[in-house]
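The C-terminal residue of the sequence shown carries number 263 in this note's numbering, and the numbering is unbroken.
Glycine included, every Cβ here is placed at the ideal spot set by N, Cα and C.
First the structure, in the form of structure tokens, and then the observations on it.
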Amino acid sequence: MTAKLTWYGHAALGLETDGHKILVDPFFEGNPAASASPDSVEADFILISHGHGDHVGDAVAIAKRTDATVISVNEIAVWAGNQGLKSHGQHLGGGYKHPFGYLKLTLALHGSALPDGSNGGNPCGFLLRTNDGEKIYLAQDTGLFGDMKLIGEEGLDLAVVPIGDNFTMGPDDALRAVKMLQPKTVIPIHYNTWGLIAQDPDAWAERVRNETSTKVVVLKPGESYSL
Ligand code: NI
Ligand code: MN
């Protein structure tokens, strides 16, 4: 079995591994780059990296329709539970063996107020070891931080990093992130959703190819990459 990652646009991702369907930051309604509908997308689990509207997105509606379990930091997991959803709370640095693999929450430098003003706790990224042993790091929204080196020491098959700038790392810092993470493959996200985060992913890919040995895969919204 290999893991398959789909980019739905912005920071919305789908991950299929070992027969499990995982949605990450499922922002479809109101997302100008969305390549899927919240009414049809499938999910067994929904990972939410932080409370911002472009990441919580349609999580509540999708979880109600699919009966998926929401996984996030404890504050967001409790919030999801209060919406009537199944949820599992973790915290930064903590890992848990879910049916789809061992998932650890990682540091993210960002904010996390929920759309209704609730405290979302700390924002996070995700480090997954699939049941087949593949290591996948989803940085989601974050600025550059030096402890990415520690994440890289885990030996990454795939890293997904933001390059949009303004709200997250821009192309320069995302290149520095790749140098610390040293993944076999990297996929850029969180750009070109709006003019404010317009970037040229192919120009960034060229820089990564010139300065690292990491393979860059630039997806269009709706496209997938299989490990
Ligand atoms: Ni955000
Ligand atoms: Mn965001």
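Given a threshold of 16 other Cβ atoms within 10 Å of its Cβ, counted over all protein chains shown, does residue i qualify as buried or as exposed?
i	result
residue 171	buried
residue 236	exposed
residue 44	buried
residue 52	buried
residue 213	buried
residue 148	buried
residue 38	exposed
residue 68	exposed
residue 234	exposed
residue 182	exposed
residue 111	buried
residue 90	buried
residue 129	exposed
Taking C-beta to C-beta, are residue i and residue j nearer than 9 Å?
i	j	result
residue 81	residue 106	yes
residue 87	residue 150	yes
residue 188	residue 145	no
residue 174	residue 210	no
Looking only at DSSP bridge pairs, what is residue i linked to?
i	result
residue 45	48
residue 165	138, 171
residue 107	83, 124
residue 268	Since the first and last residues shown for the chain are 37 and 263, residue 268 lies out of range.
residue 60	49, 83
residue 159	According to DSSP, which records beta bridges pairwise, residue 159 is partnered with nothing at all.
residue 221	194, 251
residue 143	160
residue 131	140
With a threshold of 8 Å, establish whether the CB of residue i neighbours any heavy atom of ligand 2.
i	result
residue 209	no
residue 99	no
How about residue i: is its Cβ closer than 8 Å to a heavy atom in ligand 1?
i	result
residue 147	yes
residue 134	no
residue 335	In this structure the chain extends from 37 to 263, so residue 335 is not present and cannot be described.
residue 86	yes
residue 159	yes
Confirm the yes/no value for this check: CB of residue i, any heavy atom of ligand 4, distance under 8 Å.
i	result
residue 62	No copy of ligand 4 appears in this structure; the ligands present are ligand 1 and ligand 2.
Any chance you could list the residues with Cβ under 5 Å from a heavy atom of ligand 2, keeping chain order? Listed by position along the chain, the residues with Cβ atoms less than 5 Å from a non-hydrogen atom of ligand 2 are 90, 177.
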